[in-house]
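Adding 4 to a residue's 1-based position in the sequence shown gives its number in the numbering used here.
Just so it is clear, CB atoms sit at the ideal spot from N, CA and C, and this is done for glycine as well.
This report concerns only the one structure given below.
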Amino acid sequence: MAGVTLSTGAFSGTNTDQIVSQLMALEKQPLTTLSTQKASYQAKISSYGTLSGALSGLKGAAAQLADAEFLSMSASVSDNSVFTATAGSTASTGDYSIKVSKLASTQSIYSPSYTAESSEVADLSTFATQKLSIRVGSNAAVEVSITSANNSLTGLRDSINSAGTGVTASVVYDGSGYRLIMSANSTGASNRIVVKADENGDGTYTEAGGDIDNTGLSKLAFNATYDSNGLVTGGTANMTQSQAAIDAALTVNGLSVTRSSNQISDLITGVSINLLKTETTNDVKLSVTKNNSSGTAKVSAFVSAYNSVMSLAKSLTSIADGKKVLLTGDVTARSIMTGLRSAIASRFEGQSAASLGLSHDKNGSLTLNSSTLSAAMESDVSGVAATLSAMASSLDTSVSEYISTLIPARKAGMQSSISRIDDKMESISRNLKLKENSYRKKFIAMEEILGKLQQSSEFLTQQANKSSSSN
């Protein structure tokens, strides 16, 4: 019947909207149940994500125990202004007396004076291309071509620096003129500079004639001979040496040694030394000792990461205040806790974790007795390192499986359940719309029937009134 207003019950006086809402509330109960199930699965997936993150932290802490640098060595120097030192895990304890008589230095040579930075370095009137050959020590010589495009002090400087010659070139004004400076990039007598000129560009670098006559490009020729102190004694020296290339010289417990660099890593096994200045009067003491504190810190970090995982897993699987929590009874979460406890309780390399001060308290938390661990390291540092490394490797295998296999599989299963719930909820939602439309159509039909009955009643009443009037 056109114009029926269900909300007011045009003929019945009934609030049909309210009745439909109440009926639909009952119909929607399965949808509410499914929504609750979906939320539960989502919360469990989130919990497993949190647990996986905690396991990743434990994996990282375990890796520190398996690291070759777990038990580090420490190097102390009586005068850090002379040299500094660091000790690696392969170093052995010991004391050394060191004197530094020479520091290794890089060679520097400079050219004759030129009037300007743009001054030509080669006479290209006869040969349009000329070359320099630059070699440092036993390295292969590198050729630098000079043409009209780079025939100046700055042009040659840039060409040398971009050619990978093993030297760094610069142009310096000394107050009266400009000079090209070449400095070797590496220290030591084995890294001296040799510069040869080829003024006719034929690829031949002669040690006589125009290639060393100190005119044109040959002004830069340098192939000197030296004395024991690195000072130039002869050879071709058209450039001038301003700093000699010499080796570092020092004595270690009375033994004289030399090195081409001031950074020395092959003198004392596992110890790196950085020379800073000479000291020939007083001995500088170098002591290499065990650094047990670094190992203790790494074990403490492992204990903290382990307890974080166990505490989280326990909070997710236990019954709190008589109520179940998210993962109560979950097999995967329980197996993780069991596996971690088993890894700590096992023996590795003939020792147990308890013998190193690691044990579980009555609440299941892992504790560390630092005194026990320190005593074990003092007694057999390599044995402690081997035991902890084996335990960490075993634990890493289990944790890696949890992170990469078990937890992802569990999350995937829950995600599949969520997908099935979504499908069911979508189907139910469609049916609910149909059901609601059906209810509303029925109420409309009822109102139409009531309307017709009311019209019939009014008609009969009118007829009865007419009949009564005529009588």
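Cβ-based neighbour list, residue i, same chain, cut-off 7 Å, excluding 5 preceding and 5 following
i	result
residue 282	104, 105, 106 and 107
residue 441	none
residue 52	411, 414 and 415
residue 181	117, 118 and 119
residue 235	248
residue 205	131, 133, 134 and 135
residue 143	170
residue 309	61, 62 and 65
Rounded distance between the beta-carbons of residue j and residue i, thought under 8 Å
i	j	result
residue 295	residue 78	4 Å
residue 116	residue 223	5 Å
residue 357	residue 395	6 Å
residue 362	residue 313	At roughly 15 Å, the Cβ-Cβ gap does not stay under 8 Å, so residue 362 and residue 313 are not in contact.
residue 249	residue 262	Not confirmed; about 13 Å, so no contact.
residue 398	residue 350	7 Å
residue 209	residue 215	6 Å
residue 348	residue 370	6 Å
residue 479	residue 101	Here the chain covers residues 5 to 475 and nothing more, so residue 479 does not appear.
residue 188	residue 140	5 Å
residue 171	residue 197	6 Å
residue 112	residue 192	Wrong, their Cβ atoms sit about 14 Å apart, outside the cutoff.
residue 228	residue 219	Incorrect: roughly 19 Å between the Cβ atoms, too far for contact.
residue 302	residue 69	6 Å
residue 403	residue 62	6 Å
residue 137	residue 145	5 Å
residue 158	residue 175	6 Å
residue 300	residue 392	Not quite, the Cβ-Cβ distance comes to about 11 Å (not below 8 Å), so this is no contact.
Residues bridged to residue i (per DSSP)
i	result
residue 186	113 and 173
residue 199	138 and 226
residue 290	81 and 100
residue 88	278
residue 123	According to DSSP, which records beta bridges pairwise, residue 123 is partnered with nothing at all.
residue 272	275
residue 244	114
residue 283	104
residue 267	278
residue 260	255
residue 447	The partner list for residue 447 (beta bridge, DSSP) is empty, contrary to what the question assumes.
residue 352	355
residue 76	295
8 Å CB neighbourhood of residue i in its chain, flanking five on each side removed
i	result
residue 154	160, 162 and 163
residue 273	94, 95 and 96
residue 85	280 and 281
residue 428	38
residue 464	none
residue 56	406, 407 and 411
Where the alpha helix (DSSP H) through residue i begins and ends
i	result
residue 160	157 to 166
residue 1	Outside the shown range of the chain, which is 5 to 475, sits residue 1, and nothing can be said about it.
residue 221	Element bounds for residue 221: n/a, residue is neither H nor E.
residue 210	Here residue 210 belongs to no alpha helix (DSSP H), and DSSP marks it neither H nor E.
residue 359	Counting along the chain, residue 359 falls outside any alpha helix (DSSP H), and DSSP gives it neither H nor E.
residue 343	335 to 349
Opening and closing residue of the beta strand (DSSP E) in which residue i lies
i	result
residue 59	From DSSP, residue 59 is part of no beta strand (DSSP E) but of the alpha helix (DSSP H) over 33 to 70.
residue 239	236 to 241
residue 149	146 to 150
Chain-order list of residues whose beta-carbon lies under 6 Å from that of residue i (same chain, five-residue window excluded)
i	result
residue 90	79 and 276
residue 439	31
residue 380	360 and 388
residue 82	288 and 289
residue 3	Past the boundaries of the shown model lies residue 3; the chain is included only from 5 to 475, so the question cannot be answered.
My parser needs the beta strand (DSSP E) runs of 3 or more residues fully inside the segment 363 to 442; what are they? 370 to 372
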